[in-house]
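To start, the structure itself, in structure tokens.
In the working numbering, the protein residues as written are 12 to 385.
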């Protein structure tokens with residue numbers, strides 16, 4: 012039996028793999044930080060062997076509330092990811108599985124590789140309404156890719172959509188596949204009407220370095236990008252620095268930042284209510300968007316989510332709060348679960364790439380419902 016993480020977004024350390032029933036593992040910390048929770052590894056040579064894999068440092072992970080009720084993801088072909096029996100006790104996360112093939116991959120959520128990212132932008136750039144631009148480089152020298160959909164001159168509204176500031180939240184780029192897939196569908200009337208009324212600036216992956224390195228939350232330097240928006244620099248957070256620079260050139264009417272939440276088994280939106288410039292109009296737009304998304308997708312809800320900041324108390328280093336305040340726009344964070352959607356559970360697949368895509372596509376309905384009011 013052999014265990015490896017030597018591939019894009021791999022993360023595991025093997026302490027002892029002599030006995031398939033007592034495999035001992037640890038998750039590596041993000042470089043330069045104490046964050047960790049993302050894992051992604053491959054096991055070969057264990058077909059028909061009951062595996063019990065104990066991640067012994069799970070008790071020190073970034074979000075302990077993410078473990079109870081969580082089921083790890085597994086795949087034989089790296090396309091279909093299903094959930095496997097997982098339990099958490101006494102600081103150890105234990106994954107149980109009886110492999111039906113010689114090699115099986117395990118991950119915190121279905122991985123979205125940088126190669127798949129390249130495929131996504133390659134596909135998108137061929138659409139007649141799309142321009143692909145490199146607006147800067149990361150600390151590891153990867154490209155910050157910006158997709159512009161539509162023309163600033165002809166559209167009356169400007170919409171920014173960003174995803175995966177936290178690289179382990181791979182559901183955000185699966186969401187982006189669904190969002191772009193519908194937005195660029197010339198046979199979809201909702202997409203066509205939206206593109207008539209708004210120009211879109213889309214960053215499918217805000218954190219390429221963390222994605223490739225197998226990080227949970229940070230870039231190559233160990234910086235949490237979603238705490239950099241009021242102080243971004245080329246040295247520490249070029250990803251935010253370059254995107255924010257372009258935002259200041261274009262202006263913003265609506266900003267949607269797509270994430271994943273370790274603990275809550277729901278899809279929900281957090282707004283910029285605590286930002287100093289947040290007002291009644293902002294509240295009406297936020298409520299309108301959430302109501303429209305509820306109508307568009309039963310996978311979305313408004314009952315469960317984060318506590319709302321008191322007026323004027325928002326942390327302006329966070330993307331949504333900063334943009335809501337700086338641009339006086341409708342800014343939102345969309346969160347999806349690592350676990351499952353408790354309102355519509357799927358025991359076999361949990362919250363999955365395909366459901367992420369469908370929720371991404373559903374956001375076009377909410378945008379069209381509000382675009383004329385922005």
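From the three backbone atoms N, C-alpha and C, an ideal C-beta is built for every residue, glycine too.
Considering only their Cβ atoms, is the gap separating residue j from residue i smaller than 9 Å?
i: residue 217; j: residue 120; result: no
i: residue 209; j: residue 168; result: yes
i: residue 268; j: residue 342; result: yes
i: residue 27; j: residue 228; result: no
i: residue 21; j: residue 225; result: yes
i: residue 160; j: residue 131; result: no
i: residue 285; j: residue 319; result: yes
i: residue 156; j: residue 142; result: no
i: residue 137; j: residue 59; result: no
i: residue 32; j: residue 62; result: yes
i: residue 307; j: residue 374; result: yes
i: residue 56; j: residue 105; result: no
i: residue 112; j: residue 87; result: yes
i: residue 247; j: residue 345; result: no
i: residue 266; j: residue 362; result: no
i: residue 325; j: residue 289; result: yes
i: residue 19; j: residue 328; result: no
i: residue 300; j: residue 380; result: yes
i: residue 212; j: residue 297; result: no
Throw me the rounded Cβ distance for the residue i and residue j pair, which I believe falls under 8 Å.
i: residue 103; j: residue 83; result: With a Cβ gap of about 13 Å, residue 103 and residue 83 do not count as contacting.
i: residue 50; j: residue 66; result: 7 Å
i: residue 46; j: residue 360; result: In fact, because the Cβ distance is near 27 Å, the residues do not count as touching under 8 Å.
i: residue 283; j: residue 331; result: 5 Å
i: residue 347; j: residue 271; result: 5 Å
i: residue 128; j: residue 180; result: Actually they are not in contact, since the Cβ atoms of residue 128 and residue 180 sit about 14 Å apart, beyond 8 Å.
i: residue 149; j: residue 230; result: 7 Å
i: residue 116; j: residue 53; result: 5 Å
i: residue 254; j: residue 214; result: 6 Å
Measure the C-alpha to C-alpha separation of residue i and residue j and round it to an integer number of angstroms.
i: residue 263; j: residue 287; result: 17 Å
i: residue 80; j: residue 146; result: 40 Å
i: residue 17; j: residue 126; result: 15 Å
i: residue 336; j: residue 237; result: 15 Å
i: residue 174; j: residue 364; result: 14 Å
i: residue 176; j: residue 44; result: 16 Å
i: residue 207; j: residue 244; result: 35 Å
i: residue 64; j: residue 166; result: 53 Å
i: residue 273; j: residue 315; result: 14 Å
i: residue 72; j: residue 178; result: 15 Å
i: residue 357; j: residue 164; result: 45 Å
i: residue 240; j: residue 13; result: 42 Å
i: residue 304; j: residue 312; result: 8 Å
i: residue 198; j: residue 204; result: 11 Å
i: residue 90; j: residue 124; result: 12 Å
i: residue 68; j: residue 186; result: 30 Å
i: residue 280; j: residue 302; result: 11 Å
i: residue 133; j: residue 310; result: 29 Å
i: residue 376; j: residue 107; result: 40 Å
i: residue 78; j: residue 118; result: 14 Å
i: residue 276; j: residue 37; result: 25 Å
i: residue 85; j: residue 15; result: 15 Å
Item checked: Segment contact, 8 Å Cβ cut-off, at least three pairs: the stretch 346-360 with the stretch 253-262 -> Contact annotation: the stretch 346-360 does not touch the stretch 253-262, with fewer than three C-beta pairs closer than 8 Å.
Item checked: the stretch 357-368 in contact with the stretch 188-198 per 3-pair CB rule at 8 Å -> Yes, they touch.
Check: Quick one: complete beta strand (DSSP E) runs, 3+ long, within the stretch 235-275?
Finding: 265-272
Next item on the list: Could I get the ranges of all uninterrupted beta strand (DSSP E) runs contained in the stretch 169-227, with 3 residues as the minimum, in chain order?
Entry: 209-214
Margin query: What ranges does the beta strand (DSSP E) occupy inside the stretch 86-170, keeping only unbroken runs of at least 3 residues that lie completely in it?
Written below: 93-95, 97-100, 103-108, 114-118, 141-148 and 154-160
Next item on the list: List in chain order: all unbroken beta strand (DSSP E) runs of 3+ residues lying wholly within the stretch 24-59.
Entry: 24-27, 34-37 and 51-55
Next item on the list: Only counting runs of 3 or more residues, tell me where the beta strand (DSSP E) segments fall wholly within the stretch 336-374, in order along the chain.
Entry: 341-348
Notebook entry, point to check: What runs of the alpha helix (DSSP H), each 4 residues or longer, lie entirely inside the stretch 277-304?
Noted result: none
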